[in-house]
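Residue numbers (our numbering), protein chains in the order written: chain P, 318 to 454; chain A, 101 to 580.
Backbone N, C-alpha and C fix where the C-beta goes; we use that ideal spot for every residue, glycine too.
On a predicted model such as this, the values are computed, not experimentally measured, just so you know.
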Amino acid sequence: MRSLEFIDHTADIRMKVRADHVAELFDAALSGMNHLLMNDEKMPEGKLIEQRIDLRSGDLTSLLIEFLNEVLSLSYACRAIFYRFYPEVVGSQSIRGRIIGVGVRQFHEDIKAVTYHEAQVTRGADGKLETIVVFDI
Amino acid sequence: MMEVRDHLRRVHDFLWEIPVTARPGMLVPAQVYASDRILEDIHGDHSLEQLTNVAMLPGICKAAIVMPDVHEGYGFPIGGVAATRWPSGAISPGGIGYDINCGVRLLATGLRREALEGRGEEIAKTMYAHIPSGMGKGGAIQLSDKELDEVLTRGVAWAVDRGYAEPDDRDFIESGGCLSADPSFVSVLARRRGFDQLGTIGSGNHFVEVSYVDEVFDRSIADVFGLVTGQVTILIHTGSRGLGHQVATDFLKRMVASMSRYDIHLPDRELACAPFDSEEGQEYFKAMAAAANFAWCNRQVITWEARNMMRSIFGNDLNVRLVYDVAHNIAKLEDHMLDGERVRLIVHRKGSTRSFGPGQPDIPEAYRAYGQPVIIPGSMGTASYVMAGTSEAMERTFGSTCHGAGRRLSRHAAQRAVNVAVLEKELVDMDIHVRAGSRRGVSEEAPVAYKDIEEVIRVVHHAGLARKVARLRPIAVIKG
Numbered sequence: 318m319r320s321l322e323f324i325d326h327t328a329d330i331r332m333k334v335r336a337d338h339v340a341e342l343f344d345a346a347l348s349g350m351n352h353l354l355m356n357d358e359k360m361p362e363g364k365l366i367e368q369r370i371d372l373r374s375g376d377l378t379s380l381l382i383e384f385l386n387e388v389l390s391l392s393y394a395c396r397a398i399f400y401r402f403y404p405e406v407v408g409s410q411s412i413r414g415r416i417i418g419v420g421v422r423q424f425h426e427d428i429k430a431v432t433y434h435e436a437q438v439t440r441g442a443d444g445k446l447e448t449i450v451v452f453d454i
Numbered sequence: 101m102m103e104v105r106d107h108l109r110r111v112h113d114f115l116w117e118i119p120v121t122a123r124p125g126m127l128v129p130a131q132v133y134a135s136d137r138i139l140e141d142i143h144g145d146h147s148l149e150q151l152t153n154v155a156m157l158p159g160i161c162k163a164a165i166v167m168p169d170v171h172e173g174y175g176f177p178i179g180g181v182a183a184t185r186w187p188s189g190a191i192s193p194g195g196i197g198y199d200i201n202c203g204v205r206l207l208a209t210g211l212r213r214e215a216l217e218g219r220g221e222e223i224a225k226t227m228y229a230h231i232p233s234g235m236g237k238g239g240a241i242q243l244s245d246k247e248l249d250e251v252l253t254r255g256v257a258w259a260v261d262r263g264y265a266e267p268d269d270r271d272f273i274e275s276g277g278c279l280s281a282d283p284s285f286v287s288v289l290a291r292r293r294g295f296d297q298l299g300t301i302g303s304g305n306h307f308v309e310v311s312y313v314d315e316v317f318d319r320s321i322a323d324v325f326g327l328v329t330g331q332v333t334i335l336i337h338t339g340s341r342g343l344g345h346q347v348a349t350d351f352l353k354r355m356v357a358s359m360s361r362y363d364i365h366l367p368d369r370e371l372a373c374a375p376f377d378s379e380e381g382q383e384y385f386k387a388m389a390a391a392a393n394f395a396w397c398n399r400q401v402i403t404w405e406a407r408n409m410m411r412s413i414f415g416n417d418l419n420v421r422l423v424y425d426v427a428h429n430i431a432k433l434e435d436h437m438l439d440g441e442r443v444r445l446i447v448h449r450k451g452s453t454r455s456f457g458p459g460q461p462d463i464p465e466a467y468r469a470y471g472q473p474v475i476i477p478g479s480m481g482t483a484s485y486v487m488a489g490t491s492e493a494m495e496r497t498f499g500s501t502c503h504g505a506g507r508r509l510s511r512h513a514a515q516r517a518v519n520v521a522v523l524e525k526e527l528v529d530m531d532i533h534v535r536a537g538s539r540r541g542v543s544e545e546a547p548v549a550y551k552d553i554e555e556v557i558r559v560v561h562h563a564g565l566a567r568k569v570a571r572l573r574p575i576a577v578i579k580g
């Protein structure tokens with residue numbers, strides 16, 4: 318079971334994300350970012366856009382941040398919200414899969430980047446994975 | 101165990117220091133320019149801890165320094181300055197920020213405030229129609245790959261050739277509006293994010309503001325800068341937009357991965373860095389320069405839009421002169437005196453402005469005897485300041501000073517604290533007219549969300565980091 322919480326930050330937006338397993342953590346974090354970009358639970362209708370993700374990183378935390386940044390960059394480059402991630406490979410140092418989205422006319426938030434600030438994926442006493450993600454806006 | 105803050109010791113009225121012994125790994129002390137009140141404002145954030153992390157950068161010289169508009173950032177605190185020794189000291193994208201060459205430009209017009217009496221609303225509305233603003237919005241200029249390469253390589257010279265500039269503009273931009281760049285190190289994604297964003301201000305705390313000179317503090321310097329009381333001015337605050345954000349993201353990722361290869365270990369991934377003369381260091385510097393060139397072109401095209409807007413209201417003969425353009429998120433190669441010797445340094449300014457003093461060759465000839473103009477924007481509805489660089493800044497802070505008021509409230513806290521309708525009425529009662537992309541943007545950027553600009557300027561002036569020249573007050577503001 319996953320959860321998202323937005324917490325105060327002086328200049329930007331801080332999100333706490335929790336999930337049962339790695340793929341769910343990535344999906345939950347993606348939902349949180351899309352919530353900022355669109356501020357609307359309901360995805361817009363439109364022609365579907367597909368992009369591939371294929372990333373490697375030194376550790377799980379860096380991989381999560383780099384995944385979110387890749388999707389963010391593609392969101393702005395394609396002017397789309399990528400609301401579904403179909404993983405083919407999800408490990409602690411690599412991730413591969415497809416993201417599916419729809420085009421949008423305007424974004425609700427201008428996120429400069431997903432930062433590494435305060436990010437550290439850990440497993441809590443309840444067995445859930447959790448991390449903070451800070452968005453520079 | 102002592103907190104970082106507990107190690108702070110006052111050196112003089114507005115300078116505090118955390119000694120190099122405060123934390124393992126620090127190579128130099130951390131210096132904080134602040135008043136007691138400003139220190140209280142940052143009590144709850146991590147800016148001092150971040151500053152002590154900066155003090156661990158390989159090759160750092162003298163001190164990790166922060167200005168009185170300090171607040172928590174990523175890697176570096178906002179308001180941070182750090183100089184590392186060339187050629188192999190570190191260069192860190194976190195010391196520049198995601199918005200490469202975010203900066204401010206000041207234009208001076210031939211109008212007096214009286215000419216705008218009762219017309220603030222009209223000017224705000226016309227500005228909003230002429231100058232694209234808002235989230236992820238593109239502008240009228242769509243650059244081909246070849247044109248984008250030219251912008252990234254030539255900076256403002258591209259805009260001059262295409263008629264977006266007046267003859268003298270380039271002389272009054274820091275670094276002549278161009279750093280030596282290599283656009284081949286700017287990624288495809290960065291290009292896709294930037295190709296249609298020239299001439300757009302973006303959102304957040306970026307703005308264009310028509311203002312007037314409310315008070316002159318130093319008549320002789322104001323005369324040289326061409327500013328008089330009552331004169332109508334224009335401020336433009338924006339940066340490299342999505343292109344710059346992507347360059348920063350791309351290279352931060354690369355340096356996080358490569359740091360251990362250079363045996364660099366730092367407590368914060370956002371401080372990831374590489375030796376300046378390494379492959380990663382050189383490629384980042386050249387890509388950063390390309391993004392900086394894009395930002396200067398962006399502010400130049402917006403200047404053209406602002407000139408057109410003012411002339412559409414006040415006539416084609418209206419003089420709108422560029423006073424100066426400063427960068428406040430950038431790294432530069434500069435020569436400074438260090439322990440009696442002239443040395444080349446990589447100076448990182450993250451939310452801080454160059455403040456070169458009298459006689460410095462990089463200053464336009466017209467201003468050189470007095471120091472460069474330093475433009476410090478306040479928050480929405482409050483004053484902005486024009487200052488002059490000083491010799492004291494050259495000695496103490498590698499010729500650097502603050503960049504603005506600095507945030508003190510989170511965006512959510514500002515939204516909770518501010519009644520937008522009441523704020524809008526208060527602004528109109530002060531004859532300040534705002535057009536913003538959203539009411540949320542108005543509340544997030546309300547004056548209460550920022551430190552008191554008067555306090556920041558007081559510290560900077562009395563610490564000798566810049567000298568007050570003039571104060572500007574807003575008339576019409578547009579924000580994304």
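(message) Please confirm whether R213(A) has its beta-carbon closer than 9 Å to some beta-carbon of chain P.
(response) Here the question's residue 213(A) lines up with position 113 in the second sequence. Output row for R213(A): interface = no.
(message) Suppose only complete runs of 3+ residues qualify. What are the beta strand (DSSP E) ranges in the stretch 517-557 of chain A, listed by chain order?
(response) 533-536
(request) Determine the direct distance from the alpha carbon of P124(A) to that of A322(A), and round the result to whole angstroms. (result) Start at 1 with the first residue of the second sequence, and residue 322(A) comes out as number 222. Start at 1 with the first residue of the second sequence, and residue 124(A) comes out as number 24. Taking the straight line joining both Cα atoms gives about 47 Å.
(request) Consult DSSP for Q331(A) and reduce its assignment to one of helix, strand or coil. (result) By one-based count along the second sequence, residue 331(A) stands at place 231. Q331(A) falls in the strand class under three-state DSSP.
(message) Residues of chain A with CB closer than 7 Å to the CB of K429(P), please, in chain order.
(response) Walking along the first sequence from the start, residue 429(P) turns up at place 112. Result: Y198, D199 and H345.
(request) Pull up the distance between the alpha-carbon of D371(P) and that of I412(P), whole angstroms please. (result) Translated into positions along the first sequence, residue 371(P) becomes position 54. Translated into positions along the first sequence, residue 412(P) becomes position 95. Going by the C-alpha atoms only, they are around 6 Å apart.
(message) Measuring CB atoms only, is the stretch 255-274 of chain A touching the stretch 394-406 of chain A, in the sense that at least three cross pairs come out at less than 8 Å?
(response) yes
(request) Taking C-beta pairs closer than 8 Å, name the residues in chain A that D325(P) reaches, listed in chain order. (result) Residue 325(P) sits at position 8 when you count from the first residue of the first sequence. Neighbours of D325(P) on chain A, chain order: S510, H512 and A513.
(request) Output the residue ranges of the alpha helix (DSSP H) runs that lie fully inside the stretch 307-394 of chain A and measure 4 residues or longer, sorted by chain position. (result) 319-325 and 341-358
(request) Quick one: give me the first and last residue of the beta strand (DSSP E) that R421(A) is part of. (result) Here the question's residue 421(A) lines up with position 321 in the second sequence. Taken as a continuous stretch (DSSP letters only), the beta strand (DSSP E) holding R421(A) covers V420 to A427.
(message) Applying the 10 Å Cβ sphere with the 16-neighbour rule, what's the burial state of V533(A)?
(response) By 1-based counting over the second sequence, the position of residue 533(A) is 433. A quick correction: the sequence has His, not Val, at residue 533(A). Buried: at least 16 other Cβ atoms inside 10 Å.
(request) Examine chain A for any beta-carbon lying closer than 9 Å to the beta-carbon of E383(P), and answer yes or no. (result) Numbered from 1 along the first sequence, position 66 holds the residue referred to as residue 383(P). Closer than 9 Å to some Cβ of chain A, the Cβ of E383(P) qualifies, so yes.
(message) Using 8 Å for Cβ pairs, my map puts V426(A) next to I475(A). What's the rounded Cβ distance?
(response) Counted from its first residue, the second sequence places residue 426(A) at position 326. Counted from its first residue, the second sequence places residue 475(A) at position 375. Confirmed, Cβ separation roughly 5 Å.
(request) Just confirm the distance between the C-beta atoms of S452(A) and S500(A), as a whole number of angstroms; I'd bet it's less than 8 Å. (result) Walking along the second sequence from the start, residue 452(A) turns up at place 352. Walking along the second sequence from the start, residue 500(A) turns up at place 400. So it is a contact: roughly 5 Å between Cβ atoms.
(message) Residues in the same chain with beta-carbon distance under 6 Å from A130(A), minus the five sequence neighbours each way, listed in chain order, please.
(response) Within the second sequence, residue 130(A) is the residue found at index 30, counting from 1. I118, L151, T152, A155 and A164.
(message) If contact is defined by three or more beta carbon pairs under 8 Å, each pair taking one atom from either stretch, is the stretch 289-309 of chain A in contact with the stretch 443-459 of chain A?
(response) no
(message) Measuring only the C-alpha atoms, how far is V548(A) from H512(A)?
(response) Residue mapping note: residue 548(A) aligns to position 448 of the second sequence, counting from 1. Residue mapping note: residue 512(A) aligns to position 412 of the second sequence, counting from 1. Approximately 12 Å, taken between the alpha carbons.
(message) Let me check one thing: in DSSP terms, what residues is E447(P) bridge-paired to?
(response) In the first sequence, the residue the question calls residue 447(P) occupies position 130. DSSP, once it has assigned bridges, lists R335(P) and T439(P) as partnering E447(P).
(request) Look up M487(A) in the DSSP assignment and give the residues it is bridged to. (result) For the purposes of this step, residue 487(A) is identified with residue 387 of the second sequence, where counting begins at 1. Note: M487(A) sits in a beta bridge opposite V474(A) and K568(A).
(message) What does the alpha-carbon distance come out to for the pair A346(P) and T349(A)?
(response) By 1-based counting over the first sequence, the position of residue 346(P) is 29. By 1-based counting over the second sequence, the position of residue 349(A) is 249. Going by the C-alpha atoms only, they are around 18 Å apart.
(request) Taking only the alpha-carbon atoms, compute the straight-line gap between H352(P) and G342(A) and give it to the nearest angstrom. (result) By 1-based counting over the first sequence, the position of residue 352(P) is 35. By 1-based counting over the second sequence, the position of residue 342(A) is 242. If I take the Cα positions, the gap works out to 20 Å.
(request) Below 7 Å between beta carbons is the criterion; list the residues of the stretch 343-365 of chain P that meet it against any residue of chain D, in chain order. (result) The question asks about chain D, but that chain is absent: this structure's protein chains are P and A.
(message) Which of the three DSSP states is assigned to Y467(A) in this structure?
(response) As a first step, residue 467(A) must be located in the second sequence, where it is residue number 367. Three-state DSSP puts Y467(A) in coil, outside helix and strand.
(message) Please report whether the beta-carbon of A182(A) lies at a distance below 9 Å from any beta-carbon of chain P.
(response) On the second sequence, position 82 is the one that residue 182(A) refers to. No, its Cβ sits nowhere closer than 9 Å to a Cβ of chain P.
(message) Quick check on S303(A) - is its C-beta less than 9 Å from some C-beta in chain P?
(response) Along the second sequence, one-based indexing puts residue 303(A) at 203. Taking Cβ atoms only, chain P reaches closer than 9 Å to S303(A), which makes this a yes.
(message) As a quick exercise: from F323(P), R335(P) and M318(P), pick the residue whose alpha carbon is nearest that of R440(P).
(response) Here the question's residue 440(P) lines up with position 123 in the first sequence. Minimum Cα distance to R440(P) is reached at R335(P).
(message) At the level of alpha carbons, what is the spacing between F176(A) and N416(A)?
(response) One-based indexing of the second sequence puts residue 176(A) at position 76. One-based indexing of the second sequence puts residue 416(A) at position 316. Whole-angstrom Cα-Cα distance: 45 Å.
(request) Evaluate the contact criterion for the stretch 273-282 of chain A versus the stretch 381-400 of chain A: three or more CB pairs, one atom per stretch, below 8 Å. (result) yes
(request) Answer yes if the stretch 454-471 of chain A comes into contact with the stretch 515-531 of chain A, meaning at least three C-beta pairs across the two stretches below 8 Å, and no otherwise. (result) no
(request) Quick one: which residues of the stretch 132-162 of chain A get their C-beta closer than 7 Å to a C-beta of chain P? List them in chain order. (result) D145
(request) Sort G277(A), S135(A), L352(A) and I196(A) by Cα distance to C397(A) and report the nearest one. (result) For this step, residue 397(A) is matched to residue 297 along the second sequence. Nearest of G277(A), S135(A), L352(A) and I196(A) to C397(A), Cα basis: G277(A).
(message) Measuring alpha carbon to alpha carbon, tell me which residue in A431(A), E555(A) and M530(A) is nearest I196(A).
(response) Taking the first residue of the second sequence as position 1, residue 196(A) is located at position 96. Comparing Cα positions, the closest option is A431(A).
(request) For D453(P), go through chain A and note every residue whose CB falls closer than 7 Å to its CB, in chain order. (result) In the first sequence, the residue the question calls residue 453(P) occupies position 136. Those are Y174 and Y198, listed as they occur along chain A.
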